[in-house]
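Novice: Have a look at this one.
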Amino acid sequence: MRLLIIEDNVELCNMLENMFAKEQCALDISHDSLSGIDLAQMIDYSVIILDIMLPDVSGIDVLKRLRALGKATPIIMLTAKDTLDDKISAFNIGADDYLTKPFEFRELLARVRALERRSSELVDQTIMLGNTSIDRYCYEVKMNGKKVKTSKNESMVLECLFLNQGKFVSKAIILNIISGASKYIDSNNVEVYIHHLRKKFPESESGFTIETKKHFGYRVLGLERDV
């Protein structure tokens with residue numbers, strides 16, 4: 006199970022990260038709305054946990070944006086508000102569940118698992134291009150059936166490209182995806198990750214190529230495809 010948390014409370018995120026790790030759940034974290042929207046667009050999560058009170062764009066507006074973009078990923082709203090009007094408003098916009106702070110982790114986990122069971126048939130755990138596959142829940146990458154050692158960020162970059170096969174993905178979007186909870190990743194890191202991926206997955210063995218186009222970004226193509 007792979008989750009996305011969009012929440013600006015760092016302490017809460019750290020606690021949830023530790024708790025979900027014990028449950029063998031892969032977790033991505035965004036502390037702001039815009040990078041959270043980018044992550045939600047580029048990666049198919051089992052469930053999104055979304056705080057209503059965010060510093061840049063409200064969680065309600067994030068929810069509206071994701072539903073307008075056609076994202077059907079189950080979303081649990083977190084909020085300190087506990088009025089009936091707030092709950093009805095969230096559900097009318099497209100929320101799947103609503104949990105008031107403070108909450109017990111066991112309750113959040115139960116709600117996440119219930120939503121995950123309903124959505125599990127919609128999300129493939131493994132994606133493949135050429136001779137290379139990615140297990141999206143544990144970031145494991147295999148080439149010709151053998152595991153290739155990659156960092157979490159390298160796997161996330163490759164997953165993003167695989168999910169958008171044939172389409173150029175900008176450096177800015179990739180940077181948002183890999184930065185997650187950290188704000189200290191330099192834009193040059195994207196080029197470094199692409200360089201590492203090209204070395205680890207040569208075209209002759211991986212069955213795909215990574216292209217770069219100035220002002221557009223990066224894309225992957227299967228070698229059998231016409232450009």
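Whatever position you read off the sequence shown (first residue = 1), add 5 for this note's numbering. Virtual Cβ for every residue (Gly too), placed ideally from N, Cα, C.
Within its chain, find whatever has a CB closer than 6 Å to the CB of S38; leave out the 5 residues flanking it on each side and keep chain order.
Specialist: For the purposes of this step, residue 38 is identified with residue 33 of the sequence shown, where counting begins at 1. Cβ within range, chain order: L59, D61, V62 and V67.
Novice: Does the count of Cβ pairs from the region 42-51 and the region 162-171 closer than 8 Å reach three?
Specialist: yes
Novice: Ends of the beta strand (DSSP E) at R224?
Specialist: Counted from its first residue, the sequence shown places residue 224 at position 219. Its beta strand (DSSP E) spans residues G222 to G227.
Novice: What residue does the beta strand (DSSP E) around V52 start on, and which one ends it?
Specialist: Along the sequence shown, one-based indexing puts residue 52 at 47. From DSSP, the beta strand (DSSP E) with V52 extends over V52 to D56.
Novice: Specify the secondary structure class of S94 as computed by DSSP and reduced to three states.
Specialist: Here residue 94 corresponds to residue number 89 of the sequence shown, with the count starting at 1. Reduced to three states, the DSSP call for S94 is helix.
Novice: Which class does R70 belong to by DSSP, given the choice of helix, strand or coil?
Specialist: Translated into positions along the sequence shown, residue 70 becomes position 65. Helix, per DSSP.
Novice: State the DSSP-derived secondary structure class of M148, mapped to helix, strand or coil.
Specialist: Reading the sequence shown from its first residue, position 143 is the one you call residue 148. Strand, per DSSP.
Novice: Provide the residue span of the beta strand (DSSP E) that contains S156, from first to last.
Specialist: Reading the sequence shown from its first residue, position 151 is the one you call residue 156. Note, S156: premise wrong, no beta strand (DSSP E); not H, not E.
Novice: Give a yes or no on whether the C-beta atoms belonging to L120 and L163 are separated by under 7 Å.
Specialist: Against the sequence shown, residue 120 aligns to sequence position 115. Against the sequence shown, residue 163 aligns to sequence position 158. Not closer than 7 Å, so no.
Novice: For L89 and C143, what's the separation of their Cα atoms in angstroms?
Specialist: Numbered from its first residue, the sequence shown carries residue 89 at position 84. Numbered from its first residue, the sequence shown carries residue 143 at position 138. Looking at the two C-alpha atoms, the distance is approximately 38 Å.
Novice: Note down, in chain order, each residue of its chain lying with its Cβ closer than 6 Å to the Cβ of T155, except the 5 sequence neighbours on either side.
Specialist: The residue you call residue 155 lines up with position 150 of the sequence shown. Closer than 6 Å at the Cβ level, and outside the excluded window around T155, lie V146.
Novice: The alpha helix (DSSP H) with D43 in it runs from where to where?
Specialist: Working through the sequence shown from its first residue, we reach residue 43 at position 38. Looking at the DSSP string, the run of the alpha helix (DSSP H) that includes D43 is S38 to M47.
Novice: Hey, how far is the Cα of A186 from the Cα of V197?
Specialist: On the sequence shown, position 181 is the one that residue 186 refers to. On the sequence shown, position 192 is the one that residue 197 refers to. Confidence is the limiting factor: at A186 the pLDDT is only 43, short of 50, which leaves the residue's position unreliable and the question unanswerable from this model.
Novice: For V62, which three-state DSSP category applies?
Specialist: As a position in the sequence shown, residue 62 is number 57, starting the count at 1. Collapsing the DSSP output to three states places V62 in coil.
Novice: Please return the same chain residues whose Cβ sits closer than 7 Å to the Cβ of G135, not counting the five positions on each side in sequence.
Specialist: Within the sequence shown, residue 135 is the residue found at index 130, counting from 1. S211, G212, F213, G227 and L228, listed in sequence order.
Novice: Assuming R224 and F173 make a contact with CB atoms under 8 Å, what is their CB distance in whole Å?
Specialist: Position 219 of the sequence shown, counted from the first residue, corresponds to residue 224. Position 168 of the sequence shown, counted from the first residue, corresponds to residue 173. Confirmed, Cβ separation roughly 5 Å.
Novice: My guess is that I80 and I53 are in contact by the Cβ rule of under 8 Å, so how many angstroms apart are they, rounded?
Specialist: Working through the sequence shown from its first residue, we reach residue 80 at position 75. Working through the sequence shown from its first residue, we reach residue 53 at position 48. Contact holds; Cβ gap of about 5 Å.
Novice: May I have the straight-line CA-CA distance separating N19 from I132, to the nearest angstrom?
Specialist: Numbered from its first residue, the sequence shown carries residue 19 at position 14. Numbered from its first residue, the sequence shown carries residue 132 at position 127. Roughly 29 Å between the two C-alpha positions.
Novice: What are the boundary residues of the alpha helix (DSSP H) that includes F25?
Specialist: By one-based count along the sequence shown, residue 25 stands at place 20. Looking at the DSSP string, the run of the alpha helix (DSSP H) that includes F25 is V15 to K27.
Novice: Using the C-alpha atoms, what's the distance from S40 back to I182?
Specialist: Numbered from 1 along the sequence shown, position 177 holds the residue referred to as residue 182. Numbered from 1 along the sequence shown, position 35 holds the residue referred to as residue 40. Answer to the nearest angstrom: the Cα atoms are 7 Å apart.
Novice: Quick check on DSSP: helix, strand or coil for R141?
Specialist: By 1-based counting over the sequence shown, the position of residue 141 is 136. R141: coil per DSSP, three-state reduction.
Novice: Please name the residue, chosen from F221, E16, M24 and S160, that lies closest to A270 on a Cα-to-Cα basis.
Specialist: In this structure the chain extends from 6 to 232, so residue 270 is not present and cannot be described.
Novice: Assuming I11 and L74 make a contact with CB atoms under 8 Å, what is their CB distance in whole Å?
Specialist: By one-based count along the sequence shown, residue 11 stands at place 6. By one-based count along the sequence shown, residue 74 stands at place 69. Not quite, the Cβ-Cβ distance comes to about 15 Å (not below 8 Å), so this is no contact.
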